[in-house]
Structures are given as C-alpha cells and as structure tokens.
Amino acid sequence: MEKNFSIATVSLLLLLTSTNGGQVFDVKSYGAQTNGDITQALTQAWKAACAVAGSKVVISTGTYKLGLVTLLGPCKGAIEFNLRGTLQAPSDIESFKGKDGWVVFERIDSLTVSGSGVFDGHGQMAWQKNNCAKKYNCDILPINIRFNFITNSIVHDITSKDSKFFHINLLECKNLQFQHVTITAPGDSPNTDGIHIGRSSQINITNANIGTGDDCISIGDGTQDITIKQVTCGPGHGISIGSLGRYENEQPVSGIRVIGATLSNTENGVRIKTWPASPSGTASDIHFENVIMDNVGNPVLIDQNYCPNNQCSNESPSNVKINNVSFKNITGTSTTLEAVKLVCSKSVPCQQVVVADIDLTYKGSGSATSTCVNVRPAVSGKQNPSACTKKI
C-alpha cells in the first residue's frame, strides 16, 4: 500500500512541476466577469490552453455562472484547470438539453484539476423531479463533474456541492488520483453519489470528505485496482461495490481496497450489492480494513438480493460470483440489529470470505447479530457479534 501511495505522490509532483511556470490562461482575459455567465470565456480559454504544453486555465475568486461545457482533449501536453472561485450550474434541467453532465473533462492525458473552488450544481429543483425511486429506467440527470477517458491525472482540493445527480463520475479512466476532495449534499437528496467509478483502473482516493444523499463512493462494473484511504463518509448510503448485475455484458470488478475509512450516520457501512435474476458476472479481491462505524445501519453487508423499491423480479438468484472478500478490524456502533449481514446467492455462493476482528455494538436494546446466507466465512480474532449467529 505504501508503494501505491508513493507512486501517487510522485505522480502528483511530476504533474504539478509540468504545469508550474507554464503559460496561464485566465478566463477574465476572455471576457469572464464575476456574477456573469462564463461558458464562452471558459471554452475559449480552454481551447487556447489545450494547444500549449504545460498550460494552466485559471478561474479566480468570485462567483460565476456556467452552462454545460465539455473541456476536450487531447491537448498539446500537461494542462491544469485551476478553480479558485465558485461555479454555479443552471438550476433548471431544461438548460442541459438532455445531456448527462455539467462540466465534462474528456480524452485528456496529464490533467490537473486543482484549487479551493466549488462546483455548485444547484440541484434543489432537479431533486424534486427525480423519479429513480419509482422507475427502473429513470431519466439520468446532469452529473456535476464527469471524467471520461482521462489518464495519468490528479484532482485535489476542490469541492462539489449539491449536484443534480452523481457529483463525480469516472468512465474509462486510468491512473487518476483524488486527494483532499470535498463533496457535500443534503442527506435526503436522491442519487447524489459522491464518486462513482465505472470501467476504470488504477484509481486512488485519499483524504476525501464526502456527505451526500446516496453512496459516498460507488464502484461500477469493469473497475479494477482501486485504493480508497482515509475517507470520511456521512451522511449517505456508505461505501458500495455495485450495484452489479443490472445489465447485460457487465465486466468483472476486482482489486478494490478500502483502508482506514470513518462512516458516520450512514444508512449502510461497507457493502457489496448485486441484483437478483442477473446475468453472469464476477466481483473478487475486495477488501475492507480498519473502518470505524459511528451510528451506521448495516455496517458490514453483502446483499445479493438488492432490489430497491421492488423494481425487479427477485424470484431468481443473482449470477454475480463473489469471491476473495475480507472485512477486517471493523469497529463502532450499529443502528440495525443485524450488524453483520452476508446474504449470498444460492446460485453462485460466495467463496473465500474472511471476517476478522469485528467489534460492533447495537445502539438499541439487545445484542447485535450476524447473519450468513449461502456463505461460510473464515473467522478470526474478536467477533462481536458472534459470526453467523443466524445461518440460512
């Protein structure tokens, strides 16, 4: 793990060195004014900067309005997007013309997104129109920040606020580092996942502070080699692998490590979730370690019968195979009686599941329990509650 961290640090230094001292493209030089719409100015500044190696686009302190924008590469060389002010998205969904992203970074190598600024999604009006809880194939609302096909890049110190849908979404990214990122939205805001990672590899998230109305971090199909360290989560739905198995031709998930997280007042803790009646798939080499739970529901959870709001048929079991999974040194308090719940598929039972050094206290009356379904975990160290109190 230390090797991974050192590589990330070296990569950060190399990227910052490559853009320091380069040509600066301030959006104010392209007509941007505080409290005004800077969509055209940012587009022009980006296009000019992208043609120069080692350049930097700067949005200085102040508040600016910004419509949907795609910051497209490939660029001449390393490029930095430095946000020091606050960007405000349009409040109405109609302004996005059916597009699913607000600020989109696409097909860029050696990108740095930096600064103490804020991406404010103004999601309040959109949340009222979210119908995903009732409709299986609901309309996808705009995501605050999309990273599509980004490689060898770093995002640090920015804030994403009140996105209409997911805050940050990764698609087909490789070797991307997130450091000291803050994500915030009300606990009742629907589908405002903090960071969603799909079909990406070599992603490191360290020292993030995430509080949303959905998963703080969610891992989609085709995702490999992910390290999540020292993340604070809450409110929200916890840190989740999945949901998996909803669609045909999903790619395997493997090499996921969550180390040193703290979850507070979340609906779930660390979990793996797959849909019933799913196509075949795999999720393997997944490890949760040194996680503190503070007033958390379902702190340790494998749910292979995930079917929110009865949107699917759960008569047939999931066909996503889960193996080589560990939960180690998970401590704190649970708001649900079943503090450890491992519900695996009867079609493809979980294999090589390790449960070690669990100490979870139920906050209600009575003692916490542990349920195991279609799995025989290897157990070691302290077990509170006792492992597999209920076996089905």
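Each residue of the sequence shown is one higher than the one before, starting from -6 at the first, in the numbering used here.
Where is the CB? At the ideal position from N, CA and C, for every residue including glycine.
Take the alpha-carbon of serine 340 and the one of histidine 149: they are about 43 Å apart. Judged by pairs of C-beta atoms under 8 Å, the segment 92 to 108 touches the segment 66 to 73, as three or more such pairs exist. Contact fails between the segment 284 to 297 and the segment 103 to 119, because fewer than three Cβ pairs, one in each stretch, are under 8 Å apart.
According to the DSSP assignment, cysteine 43 belongs to the alpha helix (DSSP H) that extends over 32 to 43. For glutamine 345, the uninterrupted beta strand (DSSP E) run begins and ends at 344 to 355, by DSSP. Under the DSSP definition of a beta bridge, histidine 280 partners with Arg250 and Ser319.
The alpha carbon of alanine 254 has as its nearest neighbour, out of Thr79, Thr324, Ser182 and Asp278, the alpha carbon of Thr324. Contiguous beta strand (DSSP E) elements confined to the segment 107 to 158 occur at 111 to 113, 136 to 149 and 152 to 154, taking only those with 3 or more residues. DSSP places glutamate 73 in the uninterrupted beta strand (DSSP E) bounded by 72 to 76.
Taking a C-beta distance under 8 Å as the contact criterion, glycine 235 and cysteine 209 do not qualify as a contact pair.
In summary, tyrosine 240 is exposed, with fewer than 16 beta-carbon neighbours lying within 10 Å of its beta-carbon over all protein chains present.
Here valine 372 carries a strand assignment [DSSP, helix/strand/coil]. Note on geometry: alpha-carbon atoms of glutamine 170 and serine 358 lie some 43 Å from one another.
Counting the other Cβ atoms within 10 Å of the Cβ of tyrosine 129 gives fewer than 16, which makes it exposed. Lysine 222 counts as buried, since at least 16 other C-beta atoms from the protein chains shown sit within 10 angstroms of its C-beta.
The beta-carbon distance between valine 336 and alanine 371, rounded to whole angstroms, is 18 Å. This is too long to meet the 8 Å contact definition. Close CB contacts of isoleucine 52 within its chain, under the 6 Å cut and outside five residues either way in sequence, are with Val20, Leu76 and Gly78 (chain order). The three-state reading of DSSP puts tyrosine 299 in coil, since its state is none of H, G, I, E or B.
Annotation: proline 378 to isoleucine 252 spans about 22 Å, alpha carbon to alpha carbon. With distances taken between CA atoms, proline 272 lies nearest to Leu237 out of Leu237, Asp278 and Ile31. Between aspartate 350 and lysine 321 a beta carbon distance of about 6 Å is seen, short of the 8 Å cut, so the two are scored as contacting. Residue environment analysis places glycine 374 among the exposed positions, since fewer than 16 neighbouring C-beta atoms fall within 10 angstroms of its C-beta. Beyond the five residues adjoining it in sequence on each side, threonine 56 comes within less than 7 Å, by CB distance, of Thr27, Asn28, Gly78, Thr79 and Gln81 in the same chain, given in chain order.
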